[in-house]
Each structure stands twice: as structure tokens, then as C-alpha cells.
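**Student:**
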Amino acid sequence: MGGVSTVLFTGNVTHKLDPKSRVAIPANWRVAQDPTLRLIESSSDGYPIIKCYTRDGFEAKMATVRAQAEATGANPGDIDRYIGIITGRCLEAEVSNQGKLLIPKQQRDRLKLRETAVIVGRGSYFEIWEPADFAASNSQEAIDKLGLDQIFHILS
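All residue numbers for the sequence shown refer to the numbering used here, where the first residue is 9 and numbers rise by one.
#1: Have a look at residue 85 and residue 133 and give me their C-alpha separation to the nearest angstrom.
#2: What three-state label does DSSP hand residue 46 in the structure shown?
#3: Under DSSP, the alpha helix (DSSP H) around residue 103 begins and ends at which residues?
#4: Give a yes or no on contact between the stretch 98-108 and the stretch 41-50, applying the rule of three or more CB pairs nearer than 8 Å.
#5: Quick one: what does DSSP say residue 95 is sitting in, helix, strand or coil?
#6: For residue 135, collect the residues of the same chain with a Cβ closer than 6 Å to its Cβ; drop the 5 residues on either side in sequence, then sort them by chain order.
#7: Between the C-alpha atoms of residue 165 and residue 74, what's the straight-line distance to the nearest angstrom?
#8: Residues in its own chain within less than 8 Å of residue 20 by CB, not counting five upstream and five downstream?
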């Protein structure tokens, strides 16, 4: 473990899936020292997504989860079980030398990915979305529903 990756996952791109169900990862997101990613099925606004972490990023996230749970006074056994559930749902996948990530069939089916996928940077990790779901979750209506842009005025 050499510390958390300095890669900052920002922006979003839509890429076609190749015939082997692989999607190209943006060149500046590829982590040369460790091509292995941790993939976790999750959801955002009710839409299925895949969260993709580097090995170090995943370990850092689990450490943060543990620290925050301990700070709330959660039972240590419950914390271990929760982290165990997360790691049990986590799949490892490697980015190929060509910069492509194979999306496992079960995750591809759950997201209903057909021909394209949206890859969205979230800072310390990135997400894979079905394009229509991503568009719906980022509509002006969805942003307005959050109410936060009325405070920060970044998107409007």
C-alpha cells in the first residue's frame, strides 16, 4: 500500500461498449501502478450504478466508514458486519493495457447497459451509469429537487 491514489476522477464521458462488454476508461483516470479496480453495485437517486474505486481508494473508504461508524458509537460487531457486506459485494476488475474495463455480466444486466455507458468522476472514485438514468438524475428538475443549488449557486 503506497497511500491513496492521487488520481482525481472528474468529468463524465459516454463510451460505447465493445463486443466483449468492455468500456474505455479516460486516459487520465488510468492508474498505471495498479490496474485493478474494486467495483461495487450501488444506487443513486434510485438508479442502479457501479462505483469504481482504486485498491487504495477502496481501503481508504472502508477506513473512513469504520471511523465514522465508531464515532457514532455503533457496535463493533455491526461495523465489521457492514464492512463485510460491502466487501462481499465488491468485485475486482482490471483495466486492460488498452484502457478498457470489463463490466461483469451481472452488473451490466442490473444497469441495463446495452451499447453505451456513462462514466462519471466523483473525485476519489468514479461511477458507471446507463445513459438515460444518468440524464434523468442530472436533469434541471432533479437538481432543483435537491435544493442545494439555491444555496451554492454553482449550477445555475
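Backbone N, C-alpha and C fix where the C-beta goes; we use that ideal spot for every residue, glycine too.
**Tutor:** Put simply:
#1: Straight-line Cα distance between these residues: approximately 27 Å.
#2: Residue state, collapsed to three classes: strand.
#3: Note, residue 103: premise wrong, no alpha helix (DSSP H); not H, not E.
#4: Cβ pair count under 8 Å is three or more, so yes.
#5: Three-state result, residue 95: helix.
#6: Within the same chain, residue 135 has close Cβ partners 57, 59, 128.
#7: In the structure as shown, the chain begins at 9 and stops at 164. Residue 165 is therefore absent and cannot be evaluated.
#8: 126, 127, 128, 129, 142.
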